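Encoded as structure tokens, the structure appears first; notes follow it.
Residue numbers (the numbering used here), protein chains in the order written: chain Z, 144 to 277; chain W, 187 to 864.
Below is the structure:
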């Protein structure tokens, strides 16, 4: 075999494995990112859409946050304005988590209609900007 | 002062335009007067921007809250230490900082480039002025730091507490230095294309500048990792955040360039590839700026969504089209001088190293954009989180680490079997030996097993190189071995400095592998209560909650928790972690509370304690305790990396010859040289 052909083969091998890794990586570990409305739609269209790893981006409903520090349980509702879901999370919420903040909830929607979160990210849209005073 | 600043921005804008025009026209027509004018334009540009920066800083220090920027990012009670970093705490100021640093590099490029590369300088002035002018125009037309408020408030809003960390003073400037200085190699690449002087001359001009920005970018990334680790409190240093990725992308591409450039120097190959890499690295740096400033992708770093992003988007598109069009026109001049001969050669291993680095860069880019792309294409947003990044990048990284060891051992052109046996015997044995030790010790995780064994292999290759080089000097000149090692480093900085960087990469990989054994527990403790956590080394740590103290400090209310730490029953120290509520001058709370992490670091593992909060205002506290193995080695590896980079970069001694005797050197590779003794 000519050296050039071997190189082409080597290159194809590398490019191929990068591509393969990315494809299977996405298949195995990537998650849906949905709004509550989209999640409700998926669930009604496909009743088996429970217990799947997903992320939900929404806003915390003001006044629904219940912190039980003793058991480190955090309960709150999230909404995008039309559909709302209750969330339960065990663990420390991020510093930026407050009432009515935008959050990304990572977890699974269970049959009980509650999102059991494994992680809660508070999206502070103005991380570097000052918070406007109310 | 603000008027002065605003005026000097306009002045800088005009001077920048002038520099761009005179640079390109002067270069193309060979007019010495225009070339001289372009050179001076970079000086004037820098001067005007420094005046603007000084004006803004004066306004910040005088608490001139009639300036929107000063009111938005500082307050009367902000510690002086952080006042000056307010310059780049917000979008507008950071643009000014960016333009100023760029103009500084433009001046340095004019002053420091050696006489034999003069032909490129007018174009370099043109490109740098053009890019700086773009940044200035963004400020003037969309984000002016000198914008005034109708009414001056009594106090400003203050700086985000997360930015009030010593990291803020070092991390952004370093990262900016790296990010911005990529413009210089890019400018040289464009200059080479425009002037058609595409021989190896331009490479020497470009290589050092690439190394400079690579080094600054490395430092910036490392300080950023450290900052995230000590400040954000989630217990790690890398999260594949879009902005981390944005800084990593040009770093990967420049790393590829720094390797493949050697092939072009020695063998006259890969010319198109190398130019493409430089242009690509620069476009990625602008792309990163676009990502952070447009709000297209949510990230911890992003600035508020603003039209500024679209300026960058447009600029990126224009710059990409223009540079690749020029590149395409000049392709015929970039013919290769040699062909790859054997799969078992230094060229081949470098070629594959480049493919892997670019593959890695591509996967990172793809992952960063994937949520947007999937939404466009399939209408549903799919996340590409740290798990996916690790799934793809860890295997690629491990193969790359393997090549780090293989590359320097294989001869140029074509390696013979005896050569291979001689070179690989010791390193391969070391790697296998390490693997056996780890297996016997009970480690069963594939990733860390491979990372550490391959690391041992690479480490052995470097030691072998140093040992052989030192022994050869010892025989030839009778130098003592220790002195011979120093001589190797000073006489052939590029090669041996490079090996030191390889050692650093091994240290970093091993340290990253350590994170696979991170253990964590959360607990709610009353004063006197304890929780235990088993470390991956088998030690049993006991954390005892001692108590809470609350007090006011500077510009914040502090709730501090004290934890006593015992290892296997023996007391080894106390850790302190805080919740901080920042307040304004009147004592009203500003921003959300932030956390100060308690860290106890040693060579084996870090104890990392975060105070989650207090139970209903009592002294009962919620904690997260984490044991992070080998984190110290990340910082030490980073330090070694910087030292290695500096050795390579240090002027004089050991730079590769240009076109002179290229093929001869290629044949007389160092292995041959070392063997050829009487």
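Yeah, the Cβ is synthetic: ideal placement off N, Cα and C, and Gly gets one too. Keep in mind the model is a prediction, meaning the values are calculated, not measured.
Query raised in the report: Residues in the segment 547-570 of chain W with C-beta within 9 angstroms of chain Z's C-beta atoms, listed in sequence order?
Result: 548, 549, 552, 553, 556, 557, 560, 561, 566, 567, 568, 569 and 570
Query raised in the report: Leaving out five residues before and five after residue 826 of chain W in sequence, what residues of the same chain have Cβ atoms less than 7 angstroms from its Cβ?
Result: In the second chain, the residue the question calls residue 826 of chain W occupies position 640. Excluding sequence neighbours, residue 826 of chain W sits near 686, 689, 690 and 693.
Query raised in the report: Are at least three pairs of beta-carbons, each pair with one atom in the segment 633-649 of chain W and one in the segment 555-569 of chain W, less than 8 angstroms apart?
Result: no
Query raised in the report: What three-state label does DSSP hand residue 207 of chain Z in the structure shown?
Result: Here residue 207 of chain Z refers to the residue found at position 64 when the first chain is read from its first residue. Correct three-state label for residue 207 of chain Z: coil.
Query - Three-state secondary structure (DSSP) of residue 735 of chain W - result: Mapped onto the second chain, residue 735 of chain W falls at position 549. Three-state result, residue 735 of chain W: strand.
Report task. Could you tell me if residue 219 of chain W is buried or exposed, where buried requires 16 or more neighbouring beta carbons within 10 angstroms of its beta carbon? Result -> The sequence position of residue 219 of chain W within the second chain is 33, counting from 1. Classification of residue 219 of chain W: exposed, given that the 10 Å Cβ count is below 16.
Query - Reference residue 734 of chain W, options W/774, W/809 and W/772, closest by Cα - result: On the second chain, position 548 is the one that residue 734 of chain W refers to. Checking every option, the nearest Cα to that of residue 734 of chain W belongs to W/809.
Query - the segment 160-175 of chain Z: positions lying closer than 7 angstroms to chain W by Cβ - result: 161, 164, 165, 168, 169, 171, 172, 173, 174 and 175
Query raised in the report: Are there three or more Cβ pairs, one per stretch, closer than 8 angstroms when the segment 761-769 of chain W is compared with the segment 737-751 of chain W?
Result: yes
Query - Rounded C-alpha distance that separates residue 784 of chain W from residue 612 of chain W - result: Translated into the one-based positions of the second chain, residue 784 of chain W becomes position 598. Translated into the one-based positions of the second chain, residue 612 of chain W becomes position 426. Approximately 43 angstroms, taken between the alpha carbons.
Query - Boundaries (first-last residue) of the alpha helix (DSSP H) holding residue 574 of chain W - result: Looking up residue 574 of chain W in the second chain gives position 388. Element bounds for residue 574 of chain W: 572-592.
Query raised in the report: Measuring CB to CB, does residue 175 of chain Z end up less than 9 angstroms from residue 568 of chain W?
Result: Along the first chain, one-based indexing puts residue 175 of chain Z at 32. Along the second chain, one-based indexing puts residue 568 of chain W at 382. In this structure, residue 568 of chain W lies closer than 9 angstroms to residue 175 of chain Z by Cβ.
Query raised in the report: Quick one: Cα of residue 799 of chain W to Cα of residue 186 of chain Z, how far?
Result: Counting from one through the second chain, the residue named residue 799 of chain W turns up at place 613. Counting from one through the first chain, the residue named residue 186 of chain Z turns up at place 43. So the two alpha carbons sit approximately 36 angstroms from each other.
Query - Proximity test, Cβ basis, 9 angstroms: residue 843 of chain W and chain Z - result: Position 657 of the second chain, counted from the start, is the residue given in the question as residue 843 of chain W. For residue 843 of chain W, the predicted model reports a pLDDT of 40, less than 50, meaning its position is unreliable and no value from the coordinates is stated.
Query raised in the report: Do residue 208 of chain W and residue 311 of chain W have their CB atoms nearer than 9 angstroms?
Result: Here residue 208 of chain W refers to the residue found at position 22 of the second chain. Here residue 311 of chain W refers to the residue found at position 125 of the second chain. Their beta carbons are under 9 angstroms apart, which means residue 208 of chain W touches residue 311 of chain W by this criterion.
Report task. Taking only the alpha-carbon atoms, compute the straight-line gap between residue 594 of chain W and residue 437 of chain W and give it to the nearest angstrom. Result -> By 1-based counting over the second chain, the position of residue 594 of chain W is 408. By 1-based counting over the second chain, the position of residue 437 of chain W is 251. Roughly 21 angstroms separates the two Cα atoms.
Query raised in the report: DSSP on residue 604 of chain W, reduced to helix/strand/coil?
Result: For the purposes of this step, residue 604 of chain W is taken as residue 418 along the second chain, with counting starting at 1. Reduced to three states, the DSSP call for residue 604 of chain W is helix.
Query raised in the report: Are the C-beta of residue 154 of chain Z and some C-beta of chain W separated by less than 9 angstroms?
Result: Within the first chain, numbered from 1, the residue matching residue 154 of chain Z stands at position 11. Interface residue, yes.
Query raised in the report: Does residue 426 of chain W come within less than 9 angstroms of chain Z when only Cβ atoms are used?
Result: As a working mapping, residue 426 of chain W is identified with position 240 in the second chain. So, not an interface residue.
**Report entry** Residues that residue 727 of chain W bridges to, as DSSP identifies them
**Finding:** For the purposes of this step, residue 727 of chain W is identified with residue 541 of the second chain, where counting begins at 1. In the DSSP output, where bridge partners are listed per residue, residue 727 of chain W has W/719 and W/753.
Query raised in the report: From W/356, W/451 and W/454, pick the residue whose C-alpha is nearest to that of residue 412 of chain W; which is it?
Result: Within the second chain, the letter at position 226 stands for residue 412 of chain W. Per the Cα distances, W/356.
**Report entry** Test: residue 254 of chain Z CB closer than 9 angstroms to a CB of chain W
**Finding:** Here residue 254 of chain Z refers to the residue found at position 111 of the first chain. No, its Cβ sits nowhere closer than 9 angstroms to a Cβ of chain W.
Query raised in the report: What's the C-alpha gap between residue 845 of chain W and residue 234 of chain W?
Result: Start at 1 with the first residue of the second chain, and residue 845 of chain W comes out as number 659. Start at 1 with the first residue of the second chain, and residue 234 of chain W comes out as number 48. Interpretation of residue 845 of chain W is limited by its pLDDT of 37, a score under 50 that renders its predicted location unreliable; no figure is taken from the coordinates.
Query raised in the report: Based on the DSSP secondary-structure assignment, which residues constitute the bridge partners of residue 780 of chain W?
Result: The count along the second chain starts at 1 and reaches residue 780 of chain W at position 594. Partner(s): W/766.
Requested in this report: Just the C-alpha distance for residue 205 of chain W and residue 391 of chain W, rounded to the nearest angstrom, thanks.
Outcome: In the second chain, the residue the question calls residue 205 of chain W occupies position 19. In the second chain, the residue the question calls residue 391 of chain W occupies position 205. Computed Cα separation, rounded: 21 angstroms.
Query - Residue-level contact to chain Z via CB, residue 708 of chain W, 9 angstroms cutoff - result: For the purposes of this step, residue 708 of chain W is taken as residue 522 along the second chain, with counting starting at 1. Taking Cβ atoms only, chain Z reaches closer than 9 angstroms to residue 708 of chain W, which makes this a yes.
Query raised in the report: Any idea if residue 154 of chain Z is buried or exposed, counting beta-carbon neighbours within 10 angstroms, 16 or more meaning buried?
Result: Working through the first chain from its first residue, we reach residue 154 of chain Z at position 11. Label assigned to residue 154 of chain Z: exposed.
Query raised in the report: Touch check for the segment 268-279 of chain W and the segment 302-310 of chain W: three-plus C-beta pairs under 8 angstroms?
Result: no
Query raised in the report: With 16 as the cutoff for other CB atoms within 10 Å, does residue 843 of chain W come out buried or exposed?
Result: Along the second chain, read from residue 1 onward, the residue named residue 843 of chain W stands at position 657. Here residue 843 of chain W scores only 40 on pLDDT, less than 50, and its place in the model is too uncertain to base an answer on.
Query raised in the report: Quick one: does residue 257 of chain Z have its CB under 9 angstroms from some CB of chain W?
Result: Residue 257 of chain Z sits at position 114 when you count from the first residue of the first chain. No, residue 257 of chain Z does not count as interfacial toward chain W.
Report task. Give a yes or no on whether the C-beta atoms belonging to residue 545 of chain W and residue 226 of chain Z are separated by under 9 angstroms. Result -> Stepping through the second chain from its first residue, residue 545 of chain W is reached at position 359. Stepping through the first chain from its first residue, residue 226 of chain Z is reached at position 83. Not a contact, by the Cβ cut-off of 9 angstroms.
Requested in this report: State the start and end residues of the unbroken beta strand (DSSP E) segment that holds residue 175 of chain Z.
Outcome: Working through the first chain from its first residue, we reach residue 175 of chain Z at position 32. First-last of the beta strand (DSSP E) with residue 175 of chain Z: 174-177.
**Report entry** Beta-bridge partners of residue 253 of chain W, as assigned by DSSP
**Finding:** Sequence index remark: in the second chain, residue 253 of chain W carries index 67 (1-based). In the DSSP output, where bridge partners are listed per residue, residue 253 of chain W has W/334.
Requested in this report: Take residue 280 of chain W and list the residues in its own chain whose beta-carbon comes closer than 7 angstroms to its own, dropping the five residues that flank it on each side.
Outcome: Along the second chain, one-based indexing puts residue 280 of chain W at 94. Hits under 7 angstroms: 274.
Query raised in the report: Between the segment 525-541 of chain W and chain Z, which residues of the former have a C-beta closer than 8 angstroms to a C-beta of the latter?
Result: 525, 526, 527, 528, 529, 534, 537, 538 and 541
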